[in-house]
Amino acid sequence: MAGVDWEAVAFIVLSVLEVVFSILLVTSKRLVRAAFWLACTLITIGGIYLLFRAEFVFLIQILVYAGAVPLLFVFGIMLTRRKIMEEPSMEGPP
């Protein structure tokens, strides 16, 4: 009986996780949760790069894309939501 190709198993598991995280990202109604699913998706992509033995691309993927992009996304949400909430409403008396 032949041995199990663990790289192929890891690739399939990471690919399935990536598809699931991507679907959760697109269907998420809350923006902060969407940023979390985006980070999870980008981390699984980094894992696939590591399986391809592209260590530098993996490192850049984790540091820049999975680290910085969701963080900037959340900061943008927090800053713009505060300005929207501070605007006076048009429904109340003048």
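For the sequence shown, position 10 (counting from the first letter as 1) is numbered 10 according to the numbering used here, and the numbering increases by one without interruption. Idealized CB from N, CA, C, for every residue including glycine. A quick note: this is a predicted structure, and the numbers were derived from the prediction, not measured.
Open item on the list: DSSP three-state label for Phe21, please.
Closed with: As a position in the sequence shown, residue 21 is number 21, starting the count at 1. It is helical.
Open item on the list: Just to confirm, is the Cβ distance from Leu51 to Phe11 under 8 Å?
Closed with: As a working note, residue 51 is residue 51 in the sequence shown. As a working note, residue 11 is residue 11 in the sequence shown. Yes, the Cβ-Cβ distance between Leu51 and Phe11 is below 8 Å.
Task: Status (buried if at least 16 other CB within 10 Å, exposed otherwise) for Ala39 - done: Along the sequence shown, read from residue 1 onward, the residue named residue 39 stands at position 39. Looking at its Cβ environment, which holds 16 or more other Cβ atoms inside 10 Å, Ala39 is buried.
- [ ] Tell me, to the nearest whole angstrom, how far the beta carbon of Ile77 is from that of Val32; I am working on the premise that it is less than 8 Å.
- [x] Residue mapping note: residue 77 aligns to position 77 of the sequence shown, counting from 1. Residue mapping note: residue 32 aligns to position 32 of the sequence shown, counting from 1. About 7 Å separates the two Cβ atoms, so the contact holds.
- [ ] Using the Cα positions of Tyr49 and Lys29, report the straight-line distance between them to the nearest angstrom.
- [x] Within the sequence shown, residue 49 is the residue found at index 49, counting from 1. Within the sequence shown, residue 29 is the residue found at index 29, counting from 1. C-alpha separation (whole angstroms): 29 Å.
- [ ] Could you check if Leu42 is buried or exposed, using at least 16 other CB atoms within 10 Å of its CB as the buried criterion?
- [x] Within the sequence shown, numbered from 1, the residue matching residue 42 stands at position 42. By the neighbour-count rule (16 or more Cβ atoms within 10 Å), Leu42 is buried.
Task: Where Thr80 falls, given that 16 or more other Cβ within 10 Å makes a residue buried - done: Locating residue 80 in the sequence shown gives position 80, counting from the first residue. With fewer than 16 Cβ atoms within 10 Å of its Cβ, Thr80 is classed as exposed.
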